[in-house]
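J.: Numbering that gives the first Met the number 0 applies: residue 0 is where the sequence shown begins, and numbers increase by one.
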Amino acid sequence: MKILVTGGLGFIGSHTVVELQNKGFEVVIIDDCSNADENVLGGIERITGEKPIFEKMDLKDKEKVECFFQNNPDVEGVIHFAASKAVGESVEKPLLYYENNIGSLVYILKELNKKNKASFIFSSSCTVYGQADKMPITENAPVKEAESPYGNTKQMGEEIIRDTCKVSPSLNAIALRYFNPMGAHPSTEIGELPIGVPQNLVPFITQTGVGLREELSVFGDDYPTKDGTCIRDYIYVVDLAKAHVVALERLLAGKNSENYEVFNVGTGKGSSVLEVINSFEKVSGKKLKYKIVDRRPGDITSAYADTTRANEVLGWKSQYSLDEAMKSAWDWEQKIRS
Ligand code: WQD
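Spelled out as structure tokens, the structure:
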């Protein structure tokens, strides 16, 4: 069965392609390579022994998207990762984010609507909750005003899919709201490849560990939490990738109760920034150089998932601990710097 993975050369996309191939799916990747490298294809092939079909394409090009689906009528499902995702950049260039993230989504949905049956998995984010009132966060926690145009494109994306599913019974969709993905494939053949100075915590830690960065700045230790630093739900990227395959198989098998469903994908455990640093020091045996600085504007205090629906309805549960995920991130960092 042929599955299209948009953004399949990216961090979560590439790990999902591996898990799809492991389950016997034929995978086609579309990626514009704006935030990923074509060499990732080799990494995937070294893991699974199978090189995915790849088309370099800008999904904002409506004609190209139409032509792809005309030439690939046997695509039965789409996992849609392709999107711009830098929160800060989205504030400076909102139209770039709305054109890219919303435009590509609309063109893909229009093509899926031409099929008798289609399955669609959407890469969403816990960012839609903003600072939720209650922890852990359930799927019916209110969606709050987005902190950034990036976050807004995730909220709008979910609404566009929901509204489309309402009038297209042939379209079956699941939105997966990720918490904080981290780590790398245990083979160290694929992993996170941030461009420039990492915005996210874990790659900044591992780059500091290998000496690429002078020291980590911890953005505030005066939050109302156990140790004053922010709490997040750090989920191992391989666990997250497997959640996409479980969600896709749910739709392909017609097990979904509605034709639009939402699931939080996290570990259900909150970890503070200092706890993540401790995890790194434990798995690496190195002391991490860091300093406490001012809070980062826009950061929320705490976010971790209530995974009941994912566990009991979707039938997926994270298997790896923070330390295991951190070990994979550290192994990967050392490999790419060797
Ligand atoms: C985690 C914690 C920082 C860097 C982001 C996106 C979100 C989603 C997940 C895509 C925070 C602290 C970080 C550093 C630090 N992405 N930190 N020093 O902000 O929770 O979520 O990634 O969907 O949309 O916003 O992740 O890794 O940036 O930060 O102290 O150098 O680490 O303050 O508390 P975040 P993050």
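Yeah, the Cβ is synthetic: ideal placement off N, Cα and C, and Gly gets one too.
For the 8 Å Cβ check, are there 3 or more pairs between the segment 301–317 and the segment 136–144?
T.: Yes: the two stretches touch, three or more of their Cβ pairs being nearer than 8 Å.
J.: By Cβ distance below 6 Å, which residues in the same chain neighbour Asn151 in space, the five residues on each side in sequence not counted?
T.: As a working note, residue 151 is residue 152 in the sequence shown. Hits under 6 Å: Ala145.
J.: Using the Cα positions of Pro185 and Val166, report the straight-line distance between them to the nearest angstrom.
T.: Here the question's residue 185 lines up with position 186 in the sequence shown. Here the question's residue 166 lines up with position 167 in the sequence shown. Near 42 Å, if we compare the C-alpha coordinates of Val166 and Pro185.
J.: Over the uninterrupted beta strand (DSSP E) stretch that includes Met155, give me the two end residues.
T.: Sequence index remark: in the sequence shown, residue 155 carries index 156 (1-based). Per DSSP, Met155 belongs to no beta strand (DSSP E); it is in the alpha helix (DSSP H), 148–166.
J.: Indicate the three-state DSSP secondary structure (helix, strand or coil) for Asn263 in the structure shown.
T.: Residue numbering aside, residue 263 sits at position 264 when the sequence shown is read from its first letter. Residue state, collapsed to three classes: strand.
J.: Taking Phe420 and Gly156 to be in contact with their CB atoms under 8 Å, please state how far apart those CB atoms are, rounded to whole angstroms.
T.: Residue 420 lies beyond the residue range present for the chain, which begins at 0 and ends at 337; the question has no answer from this structure.
J.: Please confirm if the segment 44–52 is in contact with the segment 74–81, defined as three or more CB-CB distances below 8 Å between the two stretches.
T.: Not touching, per the Cβ criterion.
J.: With distances taken from CA atoms, which of Thr5, Ile11, Ile2 is nearest Tyr235?
T.: Indexing the sequence shown from 1 puts residue 235 at position 236. Among Thr5, Ile11, Ile2, the Cα nearest to that of Tyr235 belongs to Ile11.
J.: Sort out for me which residues DSSP pairs Met181 with in a bridge.
T.: Within the sequence shown, numbered from 1, the residue matching residue 181 stands at position 182. For Met181, which the question treats as bridged, DSSP gives the partners Tyr235.
J.: On the three-state DSSP scale, how would you describe Gly76?
T.: Against the sequence shown, residue 76 aligns to sequence position 77. DSSP places Gly76 in strand when its eight states are reduced to three.
J.: Using only alpha-carbon positions, find the residue among Thr205, Lys281, Arg294 that is nearest to Thr338.
T.: Outside the shown range of the chain (0 to 337) lies residue 338, about which nothing can therefore be said.
J.: From Arg249 to Ala131, what distance separates their C-alpha atoms?
T.: As a position in the sequence shown, residue 249 is number 250, starting the count at 1. As a position in the sequence shown, residue 131 is number 132, starting the count at 1. Looking at the two C-alpha atoms, the distance is approximately 28 Å.
J.: Grab me the residues of Tyr289's own chain with a C-beta within less than 8 Å of its C-beta, minus the 5 sequence neighbours each way, in chain order.
T.: By 1-based counting over the sequence shown, the position of residue 289 is 290. Answer for Tyr289: Thr207, Glu214, Leu215, Ser216, Val217, Ile276, listed in chain order.
J.: For Leu313 versus Val261, is the C-beta distance shorter than 8 Å?
T.: Against the sequence shown, residue 313 aligns to sequence position 314. Against the sequence shown, residue 261 aligns to sequence position 262. No, they are not a contact pair.
J.: Pairs of beta-carbons, one from the segment 20–38 and one from the segment 55–74, closer than 8 Å: are there three or more?
T.: Segments in contact, yes.
J.: Taking its Cβ as the centre, do 16 or more other Cβ atoms sit within 10 Å of Asn100, making it buried, or is it exposed?
T.: Numbered from 1 along the sequence shown, position 101 holds the residue referred to as residue 100. Buried, by the Cβ-count rule.
J.: List the DSSP bridge partners of Phe121.
T.: For the purposes of this step, residue 121 is taken as residue 122 along the sequence shown, with counting starting at 1. Partner(s): His79, Ala174.
J.: What does a CB cutoff of less than 6 Å around Pro202 pick up in its chain, not counting 5 residues either side in sequence?
T.: On the sequence shown, residue 202 is found 203 positions in, with the first residue counted as 1. Excluding sequence neighbours, Pro202 sits near Glu191, Pro193.
J.: For the ligand WQD, I want to know if Asp232 counts as a neighbour, meaning its beta carbon is within less than 7 Å of at least one of the ligand's heavy atoms.
T.: Position 233 of the sequence shown holds residue 232. For the ligand WQD, not one heavy atom lies less than 7 Å from the Cβ of Asp232.
J.: Enumerate in chain order the residues of its own chain whose CB-to-CB distance from Glu110 is below 7 Å, with the five nearest sequence positions on each side excluded.
T.: On the sequence shown, position 111 is the one that residue 110 refers to. The residues are Val64, Glu65, Phe68.
J.: Roughly how far, in whole angstroms, is the beta-carbon of Thr300 from the beta-carbon of Thr224, given that I think they are within contact range, below 8 Å?
T.: Sequence index remark: in the sequence shown, residue 300 carries index 301 (1-based). Sequence index remark: in the sequence shown, residue 224 carries index 225 (1-based). Yes, they are in contact, since the Cβ atoms of Thr300 and Thr224 sit about 6 Å apart, within 8 Å.
J.: With respect to the beta strand (DSSP E) encompassing Asp322, which residues constitute its N-terminal and C-terminal limits?
T.: Counted from its first residue, the sequence shown places residue 322 at position 323. It is not in any beta strand (DSSP E) - Asp322 instead sits in the alpha helix (DSSP H) that spans 321–336.
J.: Just to confirm my understanding: we take Asp31, look at its own chain, exclude 5 residues before and 5 after, and list those with CB closer than 6 Å. What are they?
T.: By 1-based counting over the sequence shown, the position of residue 31 is 32. Here the set comprises Asp57.
J.: Suppose you measure from the CA of Thr36 to the CA of Arg212; what does that come to, to the nearest Å?
T.: Start at 1 with the first residue of the sequence shown, and residue 36 comes out as number 37. Start at 1 with the first residue of the sequence shown, and residue 212 comes out as number 213. Note on identity: in this sequence residue 36 is Asp, with Thr being the wrong assignment. Each residue's alpha carbon lies about 22 Å from the other.
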